[in-house]
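Q: The structure that follows is given in the form of C-alpha cells.
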Amino acid sequence: MQADEPLCPKALLSGYTVDGSFQQYCIAKAAHVARIPKEVSLDGVAPVLCAGITVYKGLKESGARPGETVAIVGAGGGLGSLAQQYAKAMGLNVIAIDTGEDKRKMCLEQLGASAYVDFAKSSNVVEDVRNATEDKTGPHAVLLLAVTEKPFQQAAEYVRPRGSVIAIGMPAGAYLRAPVFGTVVKMISIKGSYVGNRKDTAEAIEFYRRGLINAPFKVAGLSELQSVFDKMERGEIAGRYVLDTSR
1 MQADEPLCPK ALLSGYTVDG SFQQYCIAKA AHVARIPKEV SLDGVAPVLC AGITVYKGLK
61 ESGARPGETV AIVGAGGGLG SLAQQYAKAM GLNVIAIDTG EDKRKMCLEQ LGASAYVDFA
121 KSSNVVEDVR NATEDKTGPH AVLLLAVTEK PFQQAAEYVR PRGSVIAIGM PAGAYLRAPV
181 FGTVVKMISI KGSYVGNRKD TAEAIEFYRR GLINAPFKVA GLSELQSVFD KMERGEIAGR
241 YVLDTSR
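Each residue of the sequence shown is one higher than the last, beginning at 1 in full-length UniProt numbering.
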C-alpha cells in the first residue's frame, strides 16, 4: 500500500506504454484497483483519480505541515484548482501564482487562497511571493504545475530556508536550474513528484468522499471523444471532461 509502484522501471501504462486508454472495459490486478465508496458518484470522482492524486502526492512530498504556506504555480488550472483544495483540506495556507483576473477571482474568492500573484503583471515575482508570506521569508513549499520553464527557475529563489520545491508539471524540453550558493546555504530541497501509490489514492478519494474536494467537470459520451480533443487543442475546455463509455 505504501510502496513506490508508480516508479516501476517496466510499468505498463494504458495510453502511454500500452496502446488503448478509452474503452468500456479493461483488465487490472485486483490489488491495484482503487476502491470507490458506494456513495461516491463515478463521474464526480473521476478527475480525482489522476489530477487529484497527483497534486495530493506532491503536497505530501513537500513535507509542508498544517499552518505552513505553500505556493502553487499554475494555481488557476485544472491541477492547480485541485491542489488548492487539497492544500486547504490539509490545513495549509495557499499563495496562488497564475495570471488573469478570472483566475485571481477564482483563487481568492472560491478556492480560499490567502494571496494571488499575477506573474504577467508583477515586476518582481520573487519579491511578491516572499512578501505574500507573513514573515516575508517565502513559502515553506512550492508546487510547480506550470507548463513553461521560467517558473521552475524562479522557485528556488523565493522558497524559504529549508523549504522544498516540488516539480510536477513537465514542460517539454525544460530544465530545472537553481543557484548553487543559495540552494546550499538555505538548505533547499528540490525534487520531482509523480503520481501517488495505492495509499495516496485511498486518501485522496477519502478527501473527496468527505466533501472537501470539488472538481468541475462535464460528461461526454465515448462517441464524442474526438470533439473533446478538438476543444482541448483550441483551449476551450474549462475544468475536466469525463467520458461515459456507455454512450
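We treat Cβ as the ideally placed atom computed from N, Cα and C, and that holds for glycine.
Compute the distance between the beta-carbons of isoleucine 72 and leucine 143, then report whether it is under 7 Å.
A: Yes, these two residues count as a Cβ contact at 7 Å.
Q: Specify whether the segment 174 to 191 and the segment 155 to 162 touch according to this definition: at least 3 beta carbon pairs, one from each stretch, less than 8 Å apart.
A: Note that the segment 174 to 191 touches the segment 155 to 162; at least 3 beta-carbon pairs, one per stretch, sit closer than 8 Å.
Q: For phenylalanine 217 versus proline 47, is the C-beta distance shorter than 7 Å?
A: Closer than 7 Å, so yes.
Q: Within this structure, are the beta carbons of glycine 15 and isoleucine 168 separated by less than 7 Å?
A: no
Q: Report the start-end ranges of each alpha helix (DSSP H) in the segment 7 to 86 that is 4 residues or longer and not cut off at the edges.
A: 42 to 45 and 51 to 62
Q: I believe glycine 52 touches alanine 215 by the beta-carbon criterion, under 8 Å. Please report the beta-carbon distance rounded to the nearest angstrom.
A: 7 Å
Q: In the DSSP assignment, what are the bridge partners of phenylalanine 217?
A: Arg240
Q: Helix, strand or coil for aspartate 102 per DSSP?
A: helix
Q: Is the beta carbon of proline 139 sitting closer than 7 Å to the one on threonine 148?
A: no
Q: How long is the line joining the alpha carbons of glycine 20 and glycine 192, rounded to whole angstroms?
A: 27 Å
Q: Check whether the Cβ atoms of valine 94 and glutamine 84 lie closer than 7 Å to each other.
A: yes
Q: Could you give the residue range of the alpha helix (DSSP H) that holds lysine 231?
A: 225 to 233
Q: Which residues in the same chain as aspartate 102 place their Cβ atom closer than 8 Å to its Cβ, once the five residues preceding and following it in sequence are excluded?
A: Gly76
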